Amino acid sequence: MRKKTANICLLLIGFFLLNSVSFAQRGKRGLELGEDSTAVDGETYAIIIGLSQYKIVPSLQFADRDAMAFENYLTSEAGGKVPPKNIETFLNENATRNNIADAISIVARKAKPKDRVYFYFAGHGDMEDLTQIENGLLLLYNSPNGNYFGMKDDVLEILDLKRYLSKKKKKGIQMIFIIDACHSGNLKGGVQGLEQTAAALSASWGQEYKILSCQPNQVSLESKEWGGGRGLFSLELEEGMKGLADKNNDGKISFSELQRYITDQVATYSEEKQIPVVTGDLSKTFVTVDETVLAALKKQKEKDYPLLAQANIKGSEQKYIDSLNPEGQKLYAEFEENLQTQRLIWPKDTNAMHDYRLFTQAFPDNPLITTMRRNLAASLNDKFNTIVAPLLKGQTSYSNRDECYYAAAELDSCLSLLGNKHYMYPNIKARKLYMNAMSLIWGLSENEYNVSWNPTIYKAINYLTESEQLEPNAAYTVSALGISYSYLYEYEKADSAFQKYLALRPNDISAKYSLGIIYNNLKQYDKAAAIFEKLVTDYPGNANFLEYLANVYGYLGKNDKALSIIGKMIARDSTRANGYFDKGVFYSRLSQFDSAIYYYRKAGQENPNYKLMGDNNIGHVFFVANQLDSAKAYFSGCLTIDSTS
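Counting from 1 along the sequence shown, just add 908 to a position and that's the residue number in the numbering used here.
Quick look at the structure:
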């Protein structure tokens, strides 16, 4: 028996003959153009996405090869010899939301009635927040492993695709969705997440045909032995479309024929562990057969599964650069240099945006324009991404209000570059509004805050509220709203925001840790204690969780519990100095100054890195005790140490 690798998988082909169509709103392939016609009178376009390698989430094996094989099929005689210029393929690290959304928007503008459009996705699918019963997620290269709503660049939401499609009002575009959302079983949404994604993909968007790779409770298989390394269902689907499914040999393949072929083939090779499902009007014709391609395929099949799909590496852009005149090549080189050095919109007349405008005026039909626009748009988001990325991990983002201001300016330029019809326009606008708010209140602390800040905070809240409306699942926006409301003592609104923040990131340790810190800062110690108790139970070796729990117990007056936690820290070599220091803080709060000084000194003796902090706190103890000479001596010593560090 051949060895196979199992991935829980959903493969869907949705054929939409939509009364209203967008870039992606097209109808069934050949449906209702005639009684039983497969003719395509217009152009064929394709957006193909394949991810075997992810930056964070577990890798798949052959999703990118399946995507490349589909591209090969389209450009072949069997697939209609689709011109390569009409195909946008994004593999692995190139499969980002900016790139894909841009391609979607381009196809939206190009596609006309009687055109055909394919949207092919092969990669992970998941759903983390099961309260969003209509939604599912297709995970892109930079997707986190869970907490998918922290940064929406990293996923495609099924609801977003559906909403975008339903707004378009053109008739007769044939839309073919092929979505192979493989789930390895160890993503954050678990089995329920997979089933939710399956349900979202299966939900009715219009008149449709669907082909699922397996039953909801089954797995979809892939193996090196199939097609030189392919998914079983994907391979059998491709071969069926090339003609092996033509049971009555009439040169056409109906959905009924395709259903019988892939069901028999997949069930046989999977030993009945994987049985596809096909729904819709199965009598309709799907594709026509190219006899030459079919004959070649049959000959290959006789050789016991040779490599059917060669890796079709898309040509480099150098040929387009070489086609430019010297002035054009110089302008493109300047654009690339400014892009690499992040001179995007400044200084005036010497920046990538300026170069791009000049290039589009001089060479309006050059294919490089699409790539230039995409890369520039992505770069215009870099400042924002750099600022926000640590927040998504529950870490401190070392930015400032000026940087937020410049990030907002670059996002504003990105909006201008892409236009308000672009697929990602609402998301980018939401992020610009977030940066507008942060340019006002970033890093605002209790030491800086006073009531004169309130008008500024209200202005920031207005920006954040509008941002949340456009991108409601952006966790960083919700968190900022909660913090802003807390400054205004609007604690019910703050708590509501914080609860949503945690709901958006339910599997994120950092999110829970951050929320516990927020509750601690808000002096909502019972809520903070509940969070840190759970974290300590789940992760007993984490010193930060222990430290905060001891701190919260101290504020709650649960001194025995606080000392017990600190004792656990002192008992460990790795956290002993930290434990001594925290014990000093504990006794400082109780005004037991001799004990506090003793443990601050113990911390410094255990680990020299704690000496400066310990001496500073000892100085504070003497100051509170009105022993000013001793306080001055310690503070002076701290300043001397700090100045030489």
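The C-beta atom is built at its ideal place from N, Cα and C for all residues, glycine as well. Quick caveat: nothing in here was measured; it's all calculated off a predicted structure.
Beta-carbon proximity check, residue i vs residue j, cutoff 8 Å
i       : j       : result
Lys1329 : Leu1348 : no
Ser1191 : Ser1231 : no
Ala1270 : Leu1325 : no
Gly1080 : Pro991  : no
Ile1473 : Leu1457 : yes
Ser1307 : Trp1350 : yes
Tyr1228 : Asn1157 : no
Thr952  : Arg1017 : no
Leu1319 : Arg1339 : yes
Thr997  : Leu1048 : no
Leu1140 : Val1174 : yes
Leu999  : Asp972  : yes
Ala1241 : Arg1251 : no
Glu1130 : Phe970  : yes
Ala1539 : Asn1486 : no
Leu1405 : Leu1389 : Leu is not the amino acid found at residue 1405; the sequence shown has Ala there. Yes, the pair counts as a contact, with Cβ atoms nearer than the cut-off.
Ala1009 : Met1521 : no
Tyr1395 : Ile1365 : yes
Leu1239 : Phe1194 : no
Glu1374 : Leu1323 : no
Ala1089 : Leu1046 : yes
Leu1300 : Lys1337 : no
Gly907  : Lys1519 : No answer is possible for residue 907: the residues shown for the chain start at 909 and end at 1553.
Pick from the options that is closest to residue i, judged by C-alpha positions
i       : options                            : result
Tyr1177 : Trp1134, Arg1168, Glu1199          : Trp1134
Pro1052 : Val965, Lys993, Lys1018            : Val965
Ala1011 : Asn1459, Arg1282, Lys1510          : Arg1282
Phe1440 : Arg1138, Asp1062, Tyr1421, Ser1387 : Tyr1421
Phe1027 : Tyr1264, Glu1144, Ala1009, Ile1086 : Ile1086
Tyr1169 : Gln1182, Thr1304, Lys1155          : Lys1155
Ala1383 : Gln1407, Pro1363, Leu1120, Tyr1371 : Gln1407
Asn1525 : Asn1362, Tyr1399, Phe1489          : Phe1489
Lys993  : Lys1431, Leu1266, Ile1014          : Ile1014
Thr1249 : Asp1468, Thr1268, Leu1266, Lys1291 : Lys1291
Ile995  : Tyr1542, Glu979, Asn1007, Phe1243  : Glu979
Distance between residue j and residue i (C-alpha atoms, nearest Å)
i       : j       : result
Asn1142 : Gly1151 : A small fix is needed here, since residue 1142 is Ser in this sequence, not Asn. Distance between the alpha carbons of Ser1142 and Gly1151: 15 Å.
Glu1376 : Thr1385 : 6 Å
Leu1202 : Cys1122 : 26 Å
Leu1536 : Phe1530 : 6 Å
Ala1437 : Gly1475 : 18 Å
Ile957  : Ala1030 : 6 Å
Asn1344 : Ala1316 : 6 Å
Ile1066 : Asp1172 : 30 Å
Thr1200 : Arg1138 : 23 Å
Asp1310 : Pro1298 : 18 Å
Glu1235 : Thr1279 : 19 Å
Asn1515 : Tyr1508 : 11 Å
Asp1062 : Ser1387 : 19 Å
Ala1204 : Leu1247 : 47 Å
Leu1276 : Ala954  : 19 Å
Ser1496 : Gln1303 : 28 Å
Thr1196 : His1032 : 31 Å
Lys989  : Asp1198 : 11 Å
Tyr1409 : Leu1372 : 14 Å
Asp949  : Asn1233 : 37 Å
Trp1254 : Ser1321 : 11 Å
Tyr1313 : Thr1483 : 40 Å
Burial state of residue i (16 or more Cβ within 10 Å)
i       : result
Glu1356 : exposed
Glu897  : Any property of residue 897 remains undetermined from this structure, which presents the chain solely from 909 to 1553.
Ser1544 : exposed
Leu1412 : buried
Asn1289 : buried
Tyr1397 : exposed
Ser1499 : exposed
Ile1549 : exposed
Gln1226 : exposed
Lys1207 : exposed
Thr1258 : exposed
Val1532 : exposed
Gly1492 : buried
Asp1263 : buried
Lys1462 : What sits at residue 1462 in the sequence shown is Gly, not Lys. By the neighbour-count rule (16 or more Cβ atoms within 10 Å), Gly1462 is buried.
Asp1434 : exposed
Lys1256 : exposed
Closer than 7 Å: residue i CB and nearest the ligand SAH heavy atom
i       : result
Ile1014 : As presented, the structure is devoid of all ligands, the ligand SAH included, so that no description of it is given.
Cβ pair count under 8 Å reaching 3, the segment 1441 to 1448 against the segment 1405 to 1422: With a cut-off of 8 Å, the segment 1405 to 1422 and the segment 1441 to 1448 count as touching, because enough Cβ pairs lie within range.
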